[in-house]
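J.: Numbered by our numbering, the letters in the sequence shown go through residues -7 to 162 in order.
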Amino acid sequence: MGTLMVMLSAAMWGLSGVCGQFLFENYHPYPVWLIAVRQVAAGILFLLVMRIKGEPLLALWRSGRKNITEMLWFTLGLLGAQFMYYYTISVSNAPTSTILQYQAPIFIILWQAFVRRRMPEGRELLGVVLAMTGVFLISTHGDPSHLVISPVALVSGELSAIALCIYMIA
-7 MGTLMVMLSA AMWGLSGVCG QFLFENYHPY PVWLIAVRQV AAGILFLLVM
43 RIKGEPLLAL WRSGRKNITE MLWFTLGLLG AQFMYYYTIS VSNAPTSTIL
93 QYQAPIFIIL WQAFVRRRMP EGRELLGVVL AMTGVFLIST HGDPSHLVIS
143 PVALVSGELS AIALCIYMIA
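(1) Give the straight-line distance between the Cα atoms of I44 and N18, rounded to the nearest whole angstrom.
(2) Under 8 Å between the Cβ atoms of C157 and A96?
(3) Under 8 Å Cβ to Cβ from S131, same chain only, skipping five residues before and after it: list those, please.
(4) Locate the alpha helix (DSSP H) running through Q93, then write down its first and last residues.
(5) Under 8 Å Cβ to Cβ from I98, same chain only, skipping five residues before and after it: list those, please.
(6) So, for G12: in the same chain, excluding its five sequence neighbours on each side, which residues have a beta-carbon less than 7 Å away from its beta-carbon?
(7) Who are the near neighbours of S84 in its chain, counting only those whose CB is closer than 6 Å to its CB and skipping five residues on each side?
(8) Start and end of the alpha helix (DSSP H) containing S152?
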């Protein structure tokens, strides 16, 4: 069941990017509007599920300062990742945005190396190098003299990856 849920969530994430690209190309909404609609809808669904399961709706707010601090970090990471992901789609396309955002493990590896004061191990370092090589090839098509995506898309995609990293670590 867990594998099915992971596969379904990955498919839904991909579909959300394609739907976002469709909206940006045909209706030109602001990324902030799209994120607001998505987050409000997700919040309502979350509260409905909690209500159906009989969970106390305000329990998180009553459970102490630590949980509220964690929730703020989650919110910062989630909203940052969502906004930058959809902003990158609005200035490029869904596949590029997804590939750039999924560099988050690179930043997690680098963060862990910094925090633990050690170099990444062989496999980790290889993963970082391969991921960076992939981004280089996607953004330049192998020619370092020019970008094939806009600098805005590249920077916003990297910021999306950093925000996703914050969300994952928090």
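Beta carbons: idealized from backbone N, C-alpha and C, even for Gly.
Quick caveat: nothing in here was measured; it's all calculated off a predicted structure.
T.: Checking against the coordinates, here is how it stands:
(1) Stepping through the sequence shown from its first residue, residue 44 is reached at position 52. Stepping through the sequence shown from its first residue, residue 18 is reached at position 26. Cα atoms of I44 and N18: separation of roughly 37 Å, rounded to the nearest angstrom.
(2) The residue labelled residue 157 in the question sits at position 165 within the sequence shown. The residue labelled residue 96 in the question sits at position 104 within the sequence shown. With a cutoff of 8 Å on beta-carbon distance, C157 and A96 are scored as near each other.
(3) Locating residue 131 in the sequence shown gives position 139, counting from the first residue. The residues are L139, V140, I141 and L146.
(4) Residue 93 sits at position 101 when you count from the first residue of the sequence shown. Its alpha helix (DSSP H) spans residues A86 to Q93.
(5) Counted from its first residue, the sequence shown places residue 98 at position 106. Excluding residues up to 5 positions away in sequence, G119, V120, A123, M124 and A153 lie with their Cβ nearer than 8 Å to the Cβ of I98 in the same chain.
(6) The sequence position of residue 12 within the sequence shown is 20, counting from 1. These residues qualify, in order along the chain: L26, Y78, I81 and A86.
(7) As a working note, residue 84 is residue 92 in the sequence shown. Taken in chain order, the residues that qualify are I141 and A145.
(8) Taking the sequence shown and counting its residues from 1, one reaches residue 152 at position 160. For S152, the enclosing alpha helix (DSSP H) stretches over residues P143 to I161.
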